[in-house]
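To keep things clear, I will list the structure first and then write my remarks on it.
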Amino acid sequence: MNNIERRDKELVYISDDEVFEEQKIARRLTQELNTVDRADFDAIKKIVNKLLGKSDNDTFINPPFYCDYGSHIEVGKNFFANYNCTMLDVGRIRIGDNVQIAPNVAIYTAGHPVHPATRNTLYEYGIDVTIGNNVWIGGNVVICPGVTIGDNTVIGAGSVVTKDIPAWSIAAGNPCRVLRKITEDDRNKYFAGREIDEEAWQDILRIQYEANDEQKYPTI
């Protein structure tokens, strides 16, 4: 096997000239993205759609943004990533619908052997990361190789996610752990137990009804 084949099978591989040649595409596109007029939202969307392996017209990334390949990143509908997001997509990064990523988030599929003698041979690896639907990832979160984050989950700011996080969870910390489940009591809350005011709540109910969203978010 060549090193591209090894990389794509989640085996150890060496970043040789063929691997670097693939990365040049993302380097050029991220350079373009990170220097574009940041008020030109249409131009940003066009570059992002060229860069990512799967996206749609609603996908938006606030530059600067950094990745290795771009083509190894797949995002669902209504994806948003805020400033200074880094995705080391040696392995595949698969992200569901309605995912929001706060500033300074890093998603790492890439890694190196622990033992220095092995590491110094330049062999490395990439293990896939999967993020489900309706996930909110707080600022300065680090997501490590091989992690899966379940649907409808919130990852608190500053967390280091080293293991899988189940669906419908609020999780935080270093290492990240589940603090509690999201329940029906959270439906009309927004910050530290504060309830959404009646005017906004009625508008939320209208938006959900028109989008037929109740079938997506059943009573827990």
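Position 124 of the sequence shown, counting from 1, maps to 131 under this note's numbering, and the rest follow consecutively. All C-beta atoms in this analysis are idealised placements derived from N, C-alpha and C, irrespective of residue type, glycine included.
Item                                                                                                                : Value
Cα-Cα separation between residue 208 and residue 174, rounded to whole angstroms                                    : 25 Å
N-terminal and C-terminal residue of the alpha helix (DSSP H) that residue 216 is part of                           : 205-217
Residues that DSSP places opposite residue 184 in a beta bridge                                                     : 179
Residue 227 classed as buried or exposed, judged by whether at least 16 other C-beta atoms fall within 10 angstroms : At residue 227 the pLDDT is 49, less than 50, meaning the model places this residue with poor confidence; the figure from the coordinates comes in the next sentence. Looking at its Cβ environment, which holds fewer than 16 other Cβ atoms inside 10 Å, residue 227 is exposed.
Identity of the residue in 176, 114 and 106 nearest residue 92 by Cα                                                : 114
Boundaries of the beta strand (DSSP E) in which residue 196 is found, first to last residue                         : 196-198
Buried/exposed call for residue 141, threshold 16 Cβ in 10 Å                                                        : buried
At least three beta-carbon pairs within less than 8 Å, the stretch 149-160 to the stretch 30-50                     : no
Counted within 10 angstroms of its Cβ, other Cβ atoms place residue 79 as buried (16 or more) or exposed            : buried
Residue 80, DSSP secondary structure in three states                                                                : strand
Strand pairing of residue 74, partner residues [DSSP]                                                               : 94
Own chain, CB closer than 8 Å to residue 10, minus 5 neighbours either side, in chain order                         : 20, 21, 22, 23, 25 and 26
Buried versus exposed, by CB contacts within 10 Å (16 or more), residue 121                                         : exposed
Collapsed DSSP secondary structure at residue 202 in the structure displayed                                        : strand
Cross-strand partners of residue 11 (DSSP beta bridge)                                                              : Note: residue 11 sits in no beta bridge, so no partner.
Coarse secondary structure for residue 112, derived from DSSP in three states                                       : coil
Segment contact, 8 Å Cβ cut-off, at least three pairs: the stretch 142-150 with the stretch 160-177                 : yes
Environment of residue 240 [buried if 16+ CB atoms lie within 10 Å]                                                 : Given a span of 8 to 227 for the chain in the structure shown, any question on residue 240 remains unanswerable.
With 16 other Cβ atoms within 10 Å as the buried cut-off, status of residue 103                                     : buried
Under 8 Å between C-beta atoms of residue 77 and residue 59                                                         : yes
Sequence-distant residues of the same chain with beta carbon closer than 7 Å to residue 111, five excluded per side : 91, 146 and 147
Strand pairing of residue 102, partner residues [DSSP]                                                              : 82 and 138
Residue 17 and residue 134 closer than 8 Å at C-beta                                                                : yes
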